[in-house]
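What follows is one structure encoded as structure tokens, with my remarks underneath.
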Amino acid sequence: MSDQKSRLVEEKRRAAQLAAGLVQAHQTIFFDCGTTTPWIIEAIDNELPFTAVCYSLNTFLALQEKPLCRAILCGGEFHASNAIFKPLDFQETLNNICPDIAFYSAAGVHISKGATCFNLEELPVKHWAMSMAQYHVLVVDHSKFGKVRPARMGELTRFDAVVSDCRPDDEFVDYAKAQRITLMY
1 MSDQKSRLVE EKRRAAQLAA GLVQAHQTIF FDCGTTTPWI IEAIDNELPF TAVCYSLNTF
61 LALQEKPLCR AILCGGEFHA SNAIFKPLDF QETLNNICPD IAFYSAAGVH ISKGATCFNL
121 EELPVKHWAM SMAQYHVLVV DHSKFGKVRP ARMGELTRFD AVVSDCRPDD EFVDYAKAQR
181 ITLMY
């Protein structure tokens, strides 16, 4: 994760600011792991009360800076490579929460392969969020388009919106329109 942290910072911030605009007061929000996610949290107004569900250390630390945030960190086995806690028992917390909105990160966004990431251990929590949240937002910088990584989150049609720092290529724009996926850039 440390390698990704310093790459394309301004681009990640731009996408994150757009994504943060989707947050409304008193929502329950799932925040994925990843280096873009803390920028989403930073961009949320400090006066906005919300409940946050997360499973990564960097996300949890960013949430601590929000005075009106009720943060829920899902515990479990710690994976240092991506600073996540992989839950040992989904019955404990996750299956009792239905987030209003879920923000996902991905290392690859591909029309036929879907959204992908580097680490297989992230998939159980990402898949839980995909099954329980009401609105799904994929937040990525432009460098992720056309890439495929080892761990598949799912089809792009599972997302209601894709937020990026700039306009994707025409093929992706046409695909999103045909699939009724909102594009924000």
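One point on numbering: in the UniProt record's numbering, the residue at position 17 of the sequence shown is 17, and numbering is uninterrupted.
Where a beta carbon is used, it is the ideal one built from N, C-alpha and C, also for glycine.
Since residue i sits in a beta bridge, which residues does DSSP pair it with?
{"i": "Tyr104", "result": "Leu138"}
{"i": "Lys86", "result": "Glu77"}
{"i": "Leu183", "result": "Val162"}
{"i": "Val148", "result": "Looking at the DSSP assignment, Val148 forms no beta bridge with any residue, so it has no partner."}
{"i": "Ile72", "result": "Val53"}
Buried or exposed for residue i, please, with buried defined as at least 16 other CB atoms from any protein chain shown within 10 angstroms of its CB.
{"i": "His26", "result": "exposed"}
{"i": "Pro67", "result": "exposed"}
{"i": "Phe31", "result": "buried"}
{"i": "Glu122", "result": "buried"}
{"i": "Thr37", "result": "buried"}
{"i": "Asn58", "result": "buried"}
{"i": "Ser2", "result": "Its pLDDT being 48, under 50, Ser2 is placed unreliably by the model, and nothing is read from it."}
{"i": "Phe85", "result": "buried"}
{"i": "Phe60", "result": "buried"}
{"i": "Leu63", "result": "buried"}
Where do the N-terminal and C-terminal ends of the alpha helix (DSSP H) with residue i fall, by residue?
{"i": "Leu123", "result": "Leu123 to Met132"}
{"i": "Glu171", "result": "Asp170 to Gln179"}
Which residue marks the beginning of the beta strand (DSSP E) containing residue i, and which one marks its end?
{"i": "Val162", "result": "Ala161 to Val163"}
{"i": "Cys117", "result": "Gly114 to Cys117"}
{"i": "Arg167", "result": "Segment: none, Arg167 is in no beta strand (DSSP E) and carries neither H nor E."}
What's the gap between the Cα of residue i and the Cα of residue j?
{"i": "Ala80", "j": "Ile41", "result": "22 angstroms"}
{"i": "Thr116", "j": "Asp141", "result": "14 angstroms"}
{"i": "Asn96", "j": "Cys74", "result": "12 angstroms"}
{"i": "Val173", "j": "Arg167", "result": "8 angstroms"}
{"i": "Thr28", "j": "Val163", "result": "19 angstroms"}
{"i": "Met184", "j": "Asp169", "result": "13 angstroms"}
{"i": "Arg149", "j": "Ser112", "result": "13 angstroms"}
{"i": "Gly114", "j": "Gly34", "result": "17 angstroms"}
{"i": "Ala178", "j": "Arg158", "result": "14 angstroms"}
{"i": "Pro49", "j": "Cys69", "result": "6 angstroms"}
{"i": "Ser105", "j": "Asp89", "result": "23 angstroms"}
{"i": "His127", "j": "Lys144", "result": "20 angstroms"}
{"i": "Val137", "j": "Val23", "result": "11 angstroms"}
{"i": "Ala43", "j": "Ala71", "result": "16 angstroms"}
{"i": "Ala16", "j": "Thr182", "result": "15 angstroms"}
{"i": "Arg13", "j": "Gly76", "result": "29 angstroms"}
{"i": "Arg180", "j": "Leu156", "result": "11 angstroms"}
{"i": "Phe118", "j": "Phe103", "result": "17 angstroms"}
{"i": "Cys98", "j": "Ser131", "result": "9 angstroms"}
{"i": "Lys147", "j": "Asp160", "result": "20 angstroms"}
Task: Contained beta strand (DSSP E) runs [length at least 3] in the stretch 8-67, N- to C-terminal order - done: 28-31 and 50-54
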